[in-house]
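Asker:
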Ligand SMILES: [Zn+2]
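Numbering (the numbering used here), first residue to last: 5 to 152.
(1) Mapping DSSP to helix, strand and coil, what is residue 77?
(2) Whole angstroms are fine: how far does the CA of residue 36 sit from the CA of residue 76?
(3) Can you determine whether any heavy atom of ligand 1 sits closer than 7 angstroms to the C-beta of residue 44, and answer yes or no?
(4) For a test of your reading of the model: does the CB of residue 71 fall under 7 angstroms from any non-hydrogen atom of ligand 1? Yes or no.
(5) Regarding residue 33 and ligand 1, is the C-beta to nearest heavy atom distance less than 7 angstroms?
(6) Is it the case that the stretch 93-110 contacts the stretch 60-71, given that we only count it when at least three CB pairs across the two stretches are under 8 angstroms?
(7) Going by C-alpha to C-alpha distance, which of 112, 102 and 115 sits closest to residue 221?
(8) Could you give the DSSP three-state label for residue 31: helix, strand or coil?
(9) Going by the beta-carbon positions, is the gap between residue 153 and residue 116 smaller than 8 angstroms?
Below, the structure written as structure tokens:
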């Protein structure tokens, strides 16, 4: 003989298992999503894809990039032409170059010499140098602020 409690318990257990199964389906069913900004193909779950209007880009950086592209913002500075990935690469290279310039300056070289070595104009070297100095100063001020 099966009691009410026993039957109820096994029914609840079954429901619990099914709920887990549904949760897994929602999590595990993915499709390949191609981001229109960075053109990378990423996995996205089917069940969260169309929430709201649905996400059109893979990340906030790509969304911002898409917005700038649509509205033609930042064209002058070459931001639109590069994807966020390229942009961060550019920034890294610029940082490297700035560090190099500071080192060369500290070793007593003139802007002209540095420019020839890096194969850029003297004005550009000067620009990068003053920018690097400004950033250094800013960092120091920030430290001072934190101490106060
Ligand atoms: Zn993207």
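Virtual Cβ for every residue (Gly too), placed ideally from N, Cα, C.
For clarity, every value in this text was computed on a predicted model and none was experimentally measured.
Answerer: Based on what the coordinates show:
(1) On the chain shown, position 73 is the one that residue 77 refers to. Coil at residue 77, not helix or strand.
(2) For the purposes of this step, residue 76 is taken as the residue at position 72 of the chain shown. For the purposes of this step, residue 36 is taken as the residue at position 32 of the chain shown. Rounded to the nearest angstrom, the two C-alpha atoms are 29 angstroms apart.
(3) Here residue 44 refers to the residue found at position 40 when the chain shown is read from its first residue. Checking every heavy atom of ligand 1 against the Cβ of residue 44, one is found closer than 7 angstroms.
(4) On the chain shown, residue 71 is found 67 positions in, with the first residue counted as 1. No; taking the cut-off as 7 angstroms, the Cβ of residue 71 has no heavy atom of ligand 1 nearer than that.
(5) Residue 33 sits at position 29 when you count from the first residue of the chain shown. Every heavy atom of ligand 1 is 7 angstroms or more from the Cβ of residue 33, so no.
(6) no
(7) What is shown of the chain runs 5 to 152, which leaves residue 221 out entirely.
(8) If you number the chain shown from 1, residue 31 lands on position 27. It is helical.
(9) The chain is shown only over 5 to 152; residue 153 falls outside these bounds and no answer can be derived.
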